[in-house]
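Each residue of the sequence shown is one higher than the last, beginning at 1017 in the working numbering.
Working notes for the structure below.
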Amino acid sequence: MKKYLIIALILLVHTSSAQNNSTNKPMTMETVSPNIFVNDIHATVQFYKTLGFTVIAAVPEQKNPIFVMMTCGSVTFMFQTFASIENTLPLVNRSKGGSLLLYIKVKNIRAFFEKINDKVTVLHGLEKTFYGATEFSIQDNNNYMLTFAEDE
């Protein structure tokens, strides 16, 4: 009888331990897709198309959306109009601008810079940083700062 009790206890501890391990696994984040609030969604779509992004979703429709999702490579941005939330989220506001910097890793940064530098407002040109990345920063049409970087 003692033998069965010990086996039952071992099984109970093992089962309990296995259940705890599956529920205590650390959460892992996989991607981030910022939802950026803007005043003029049409101008924003055109600006980001200049950077190589394409619209993959628009709500309610592409002709007059209040929300769009755009991608370029593995980078996804969502844009939504301030008007679409009309005081339902008072924390979302923007009295001054420039409150967000999006840091975007790219490949072939020099060719990308040459392609867009005369079509956007460049805040600082190509430079090698003290941490080894080559970067440049631009201002988007909503006064957000985008920094593009490549580890060369």
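Glycine residues also receive a C-beta, built at the ideal position from the N, C-alpha and C atoms.
Exposure label - residue i; buried when at least 16 CB within 10 Å
{"i": "T1031", "result": "Model confidence at T1031 stands at a pLDDT of 47, short of 50, so the residue's coordinates are unreliable and nothing is read from them."}
{"i": "T1060", "result": "buried"}
{"i": "V1084", "result": "buried"}
{"i": "D1167", "result": "exposed"}
{"i": "E1151", "result": "buried"}
{"i": "N1080", "result": "exposed"}
Segment limits, alpha helix (DSSP H) that includes residue i
{"i": "A1127", "result": "I1125 to I1132"}
{"i": "Y1064", "result": "I1057 to T1066"}
Under the three-state DSSP convention, the category residue i falls into
{"i": "S1100", "result": "helix"}
{"i": "M1161", "result": "strand"}
{"i": "Q1078", "result": "coil"}
{"i": "D1156", "result": "coil"}
{"i": "E1170", "result": "This structure leaves residue 1170 out entirely; the chain is present only between 1017 and 1168."}
{"i": "F1069", "result": "coil"}
{"i": "K1019", "result": "Only weak support exists for where K1019 lies, its pLDDT of 43 falling under 50; the value from the coordinates is given anyway. The answer is helix: DSSP assigns K1019 an H, G or I state."}
Residue i: first and last residue of the uninterrupted beta strand (DSSP E) it sits in
{"i": "V1054", "result": "N1051 to V1054"}
{"i": "G1148", "result": "Per DSSP, G1148 belongs to no beta strand (DSSP E) and is neither H nor E."}
{"i": "E1046", "result": "It is not in any beta strand (DSSP E) - E1046 carries neither H nor E in the DSSP assignment."}
{"i": "G1141", "result": "T1137 to K1144"}
{"i": "V1084", "result": "F1083 to C1088"}
{"i": "L1117", "result": "L1117 to K1121"}
Cβ-Cβ separation, residue j to residue i (assumed contact under 8 Å), whole Å
{"i": "L1118", "j": "Y1064", "result": "Incorrect: roughly 11 Å between the Cβ atoms, too far for contact."}
{"i": "F1098", "j": "I1052", "result": "Not a contact, Cβ separation roughly 11 Å."}
{"i": "I1125", "j": "V1138", "result": "Their Cβ separation, rounded to whole angstroms, is 13 Å, which puts I1125 and V1138 out of contact at 8 Å."}
{"i": "I1120", "j": "I1082", "result": "At roughly 25 Å, the Cβ-Cβ gap does not stay under 8 Å, so I1120 and I1082 are not in contact."}
{"i": "V1054", "j": "N1158", "result": "5 Å"}
Check: residue i C-beta below 7 Å from any heavy atom of the ligand SAM
{"i": "I1072", "result": "Absence of the ligand SAM from the depicted structure is noted, as is the absence of any ligand whatsoever, leaving it without description."}
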